[in-house]
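Heads up, the thing below is written out as structure tokens.
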Amino acid sequence: MSIWNGKGNNKFGPAEPTGPGWTPHFPAEFGADFDSDGVGDIFATGTGTLNVWNGKGSNNFTPADPVGTGWADVSRPVAADFNRDGIGDLAAVRDGTLHIWNGKGDNKFTPAEAVGPGWEDLAATLVSLGDVNGDGHPDLAAVDTEGVLHIWNGQGNNNFHPPVRVGSGWTGFSRPIGGDFNRDGIGDIAAVKDGTLSIWNGRGHNKFTPAEAVGPGWTDLAHALMSLGDVNNDGQTDLAAIDPEGVLHVYNGRGGNNFDPPVRIGPNWNEHFPR
Numbered sequence: 001m002s003i004w005n006g007k008g009n010n011k012f013g014p015a016e017p018t019g020p021g022w023t024p025h026f027p028a029e030f031g032a033d034f035d036s037d038g039v040g041d042i043f044a045t046g047t048g049t050l051n052v053w054n055g056k057g058s059n060n061f062t063p064a065d066p067v068g069t070g071w072a073d074v075s076r077p078v079a080a081d082f083n084r085d086g087i088g089d090l091a092a093v094r095d096g097t098l099h100i101w102n103g104k105g106d107n108k109f110t111p112a113e114a115v116g117p118g119w120e121d122l123a124a125t126l127v128s129l130g131d132v133n134g135d136g137h138p139d140l141a142a143v144d145t146e147g148v149l150h151i152w153n154g155q156g157n158n159n160f161h162p163p164v165r166v167g168s169g170w171t172g173f174s175r176p177i178g179g180d181f182n183r184d185g186i187g188d189i190a191a192v193k194d195g196t197l198s199i200w201n202g203r204g205h206n207k208f209t210p211a212e213a214v215g216p217g218w219t220d221l222a223h224a225l226m227s228l229g230d231v232n233n234d235g236q237t238d239l240a241a242i243d244p245e246g247v248l249h250v251y252n253g254r255g256g257n258n259f260d261p262p263v264r265i266g267p268n269w270n271e272h273f274p275r
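Residues in the sequence shown are numbered consecutively from 1, following the UniProt record's numbering.
The structure is reproduced here in structure tokens:
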């Protein structure tokens with residue numbers, strides 16, 4: 001952490017470092033950060049084992065850390081800091097019940113805590129949005145079988161308010177992902193339909209702008225589209241996706257719902273994100 005001392009007239013002195021150790025007090029709001037270093041991590045359970053690839057910055061990642069087995073009967077997890085301790089947590093559905101695994105740091109987690117039943121038809125579209133109602137707690141969303149998007153606003157301590165109906169018309173879209181793609185501090189939604197990536201920017205109070213079409217060419221990438229948080233240390237939310245050959249690509253955010261061309265990370269990801 002650094003401090004710039006004000007000198008008046010909108011002028012400031014040079015940065016004065018105050019010391020390390022501040023990252024846990026300013027946790028990543030989007031994506032996963034299981035080691036609290038402020039850089040987004042990748043996680044997957046497609047092999048039945050939870051694996052974590054910790055971000056090192058500059059679009060680089062550590063080798064896979066096999067955290068634990070027993071994930072074969074769990075929906076694809078989503079990440080956020082549901083208990084607000086500065087460490088990323090996981091949420092997923094097992095046997096129709098939503099569970100949360102709270103992070104303990106260094107890619108370690110508490111045993112699953114059952115949050116509540118009734119999630120059978122929502123598991124495939126479960127998404128972590130960040131904070132979309134401005135109360136400081138991360139929120140969840142999912143699309144029901146009628147194509148209606150609902151939001152569960154977080155209360156902290158792994159608790160959520162009853163669902164808020166946001167709107168219909170989500171049939172045919174890929175599983176949504178969350179992020180802050182315009183850097184206004186409010187969670188946004190991104191999803192793919194008919195090969196086009198679209199973004200709905202959050203306006204607060206569980207409301208969103210109409211969809212903005214970002215661009216075509218996402219048909220083969222939609223199944224494993226993910227929001228990583230910031231993996232190149234520029235303060236923008238980044239996306240990632242896996243092509244049909246199993247190659248992972250990162251799309252670094254530029255703000256304003258724009259992204260840089262894809263950066264090739266590496267092959268052999270299909271087993272972790274099966275189609």
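Where a beta carbon is used, it is the ideal one built from N, C-alpha and C, also for glycine.
If you're wondering where the values come from, they're calculated on a predicted model, not measured in any experiment.
Using 8 Å for Cβ pairs, my map puts residue i next to residue j. What's the rounded Cβ distance?
i	j	result
Leu140	Ala191	In fact, because the Cβ distance is near 15 Å, the residues do not count as touching under 8 Å.
Gly96	Gly68	The pair is not a contact, with the Cβ atoms about 22 Å apart (cut-off 8 Å).
Thr196	Gly215	7 Å
Ser227	Ala211	About 17 Å; that fails the 8 Å criterion.
Val166	Ile151	6 Å
By alpha-carbon positions, which one of the options ends up nearest to residue i?
i	options	result
Asp106	Ile265, Asp180 and Trp53	Trp53
Thr219	Ala211, Phe173 and Ile177	Phe173
Gly256	Phe181, Asp37 and Thr110	Phe181
Pro138	Asn83, Ala123 and Asp41	Asn83
Glu271	Val39, Phe34 and Ala64	Ala64
Phe259	Arg183, Gly136 and Gly103	Arg183
Gly229	Lys7, Pro14 and Gly38	Gly38
Asn153	Asn206, Ala114, Phe109 and Leu225	Asn206
Kindly list the residues whose CB is nearer than 6 Å to the CB of residue i, restricted to its own chain and excluding five residues on each side of it in sequence; keep chain order.
i	result
Val263	Asn59 and Val250
Pro27	Confidence at Pro27 is low in this model, with a pLDDT of 41, below 50, so the placement of that residue should be treated as unreliable; the coordinate-derived value is given next. Cβ neighbours of Pro27 beyond the five flanking positions: Asp81 and Gly86.
Phe43	Ala32 and Val52
Trp126	A small fix is needed here, since residue 126 is Leu in this sequence, not Trp. Val78 and Ala142.
Leu221	Ala241
Between residue i and chain B, is the shortest Cβ-Cβ distance under 7 Å, so that the two count as touching?
i	result
Ile151	Absent from the structure is chain B; it holds one protein chain and no more.
Go through its chain and collect everything with a Cβ distance to residue i's Cβ below 8 Å, but skip five positions before and after it.
i	result
His25	Because the pLDDT at His25 is just 37, under 50, the model does not fix this residue reliably, and the point stays unresolved.
Val247	Arg264, Ile265, Gly266, Pro267 and Trp269
Asp121	Asp144 and Thr145
Name the two residues that bound the continuous beta strand (DSSP E) containing residue i.
i	result
Ile100	Thr97 to Trp101
His249	Leu248 to Tyr251
Met87	Just to set this straight, residue 87 is Ile in the shown sequence, not Met. Run containing Ile87: none; DSSP gives neither H nor E here.
Leu129	Val127 to Gly130
Trp119	First-last for Trp119: undefined, no H or E at that position.
Among the residues of its own chain, which have a CB less than 7 Å from the CB of residue i, if the five just before and after it don't count?
i	result
Thr62	Trp53, Asn54 and Lys56
Thr171	Gly147
Within the segment 51 to 82, note down every full alpha helix (DSSP H) run reaching 4 residues or more, in order along the chain. none
Taking only runs of the beta strand (DSSP E) that begin and end inside the segment 209 to 238, which ones reach a length of at least 3 residues, in chain order? 212 to 215 and 226 to 229
Within the segment 143 to 173, note down every full beta strand (DSSP E) run reaching 3 residues or more, in order along the chain. 149 to 152, 154 to 156 and 164 to 167
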